[in-house]
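Q:
Residue numbers (UniProt numbering): 1 to 350.
#1: For the candidate residues 114, 254, 80, 99, whose alpha-carbon lies nearest to that of residue 60?
#2: Run through the DSSP bridge pairs and tell me what residue 203 is partnered with.
#3: Any idea what DSSP makes of residue 7, helix, strand or coil?
#4: Sort out for me which residues DSSP pairs residue 319 with in a bridge.
#5: Could you tell me the distance, in whole angstroms, from the CA atom of residue 327 to the CA atom of residue 3?
#6: Assuming contact is defined by CB atoms lying nearer than 8 Å, are residue 213 and residue 229 in contact in what I supplied?
#7: Flag this pair as yes or no: are the beta carbons of residue 196 and residue 313 separated by less than 8 Å?
#8: Tell me, please, whether the region 234–241 touches the region 289–304 by the rule of three or more beta-carbon pairs shorter than 8 Å.
#9: Quick check: residue 277 and residue 232, are their CB atoms within less than 8 Å of each other?
#10: Near residue 284, what residues of its chain come up, given a Cβ to Cβ distance below 8 Å and the 5 sequence neighbours on each side ignored?
#11: Within this structure, are the beta carbons of residue 19 and residue 10 separated by less than 8 Å?
#12: May I have the straight-line CA-CA distance separating residue 188 from residue 51, to the nearest angstrom?
#13: Residue 73 and residue 219: beta carbons closer than 8 Å?
#14: Would residue 127 and residue 88 be called neighbours here (beta carbons separated by less than 8 Å)?
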């Protein structure tokens, strides 16, 4: 483990005390007073064992032994934003240091196999204090295309024999009349076309070119946080943005807002005169990245929404009298229950 890099990182978060200068095992490392100040509250015994197990194999050429431990970590990160729940800690910094060289050597296909580790690693390396310590590993957020399987070509003699047999068989059969093509009816303009997912704001800053806009990084369970621009400066203080769980419309066509790319829209409710705006929120136990569903409108979402579909559907979103978010009265639902607004009832959502 590169203790110098770890010490540089931990000193960005804990300003007082003596950082570790030598690595004599994880027990001593995590017992250091500076490190302990940046450890999460809770039982981290299992995570320390996983750390030791990965540290023991991360440099091995034997991929079977190495990847077995990494797959365990990848599975564990499926439902977590950071190594320990939803908060960055010294555990993330330590895991980041021991995985840095491994991650930097992977290709896109290999990173996709460990997609949860890749998503976590990219989130950690983009934290502002960390960017200035280690060079960024360039990570693509687009899944690699599936491999094309090559069709086996028959031997020349076999091909000739097969072709002759096929021709004779074809001559025996009468040509069947062509069936008319079945024209599928157009999709209904309803909420099933929307890809709405549960997310969490992990970074937020004011737009450099527009005083009324925020630029957010939102964790949606993808390989990297998604960048979204929102006009919420007048309504929601910056200090309350980070850590907020939100709903994101993910299949809008990406756009540039004042020269900054935005890849989606955070759904919010407002009162009638638009003097109050607040997030539509998922239940606390909803999983990051899960899709919001509607009982009366099942179906697959569009890859990219057309403007006319967006306009038609957004006009039918609102909170009801109980402050539950609905589409034409049908609640927004997650595996943990319905989505809601904190204070706004009977207000439009968009």
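All C-beta atoms, glycine included, are put in the ideal place defined by N, C-alpha and C.
Since the structure is predicted, the reported quantities are computational estimates derived from the model, not experimental observations.
A: On the basis of the data shown:
#1: Numbered from its first residue, the chain shown carries residue 60 at position 60. It is 99.
#2: Translated into the one-based positions of the chain shown, residue 203 becomes position 203. According to DSSP, which records beta bridges pairwise, residue 203 is partnered with 217.
#3: Along the chain shown, read from residue 1 onward, the residue named residue 7 stands at position 7. Helix.
#4: Sequence index remark: in the chain shown, residue 319 carries index 319 (1-based). DSSP output for residue 319 lists 325 as bridge partner(s).
#5: Taking the first residue of the chain shown as 1, we reach residue 327 at position 327. Taking the first residue of the chain shown as 1, we reach residue 3 at position 3. Cα to Cα, residue 327 sits roughly 53 Å from residue 3.
#6: Locating residue 213 in the chain shown gives position 213, where the first residue counts as 1. Locating residue 229 in the chain shown gives position 229, where the first residue counts as 1. Contact: yes.
#7: Walking along the chain shown from the start, residue 196 turns up at place 196. Walking along the chain shown from the start, residue 313 turns up at place 313. No, the Cβ-Cβ distance between residue 196 and residue 313 is not below 8 Å.
#8: no
#9: What you label residue 277 is simply residue 277 of the chain shown in a count that begins at 1. What you label residue 232 is simply residue 232 of the chain shown in a count that begins at 1. Their beta carbons are under 8 Å apart, which means residue 277 touches residue 232 by this criterion.
#10: Looking up residue 284 in the chain shown gives position 284. Result list for residue 284: 245, 336, in chain order.
#11: Reading the chain shown from its first residue, position 19 is the one you call residue 19. Reading the chain shown from its first residue, position 10 is the one you call residue 10. Cβ atoms of residue 19 and residue 10: closer than 8 Å.
#12: Position 188 of the chain shown, counted from the first residue, corresponds to residue 188. Position 51 of the chain shown, counted from the first residue, corresponds to residue 51. Cα-Cα distance, rounded: 50 Å.
#13: The sequence position of residue 73 within the chain shown is 73, counting from 1. The sequence position of residue 219 within the chain shown is 219, counting from 1. Cβ atoms of residue 73 and residue 219: not closer than 8 Å.
#14: Residue mapping note: residue 127 aligns to position 127 of the chain shown, counting from 1. Residue mapping note: residue 88 aligns to position 88 of the chain shown, counting from 1. Yes. Within cutoff.
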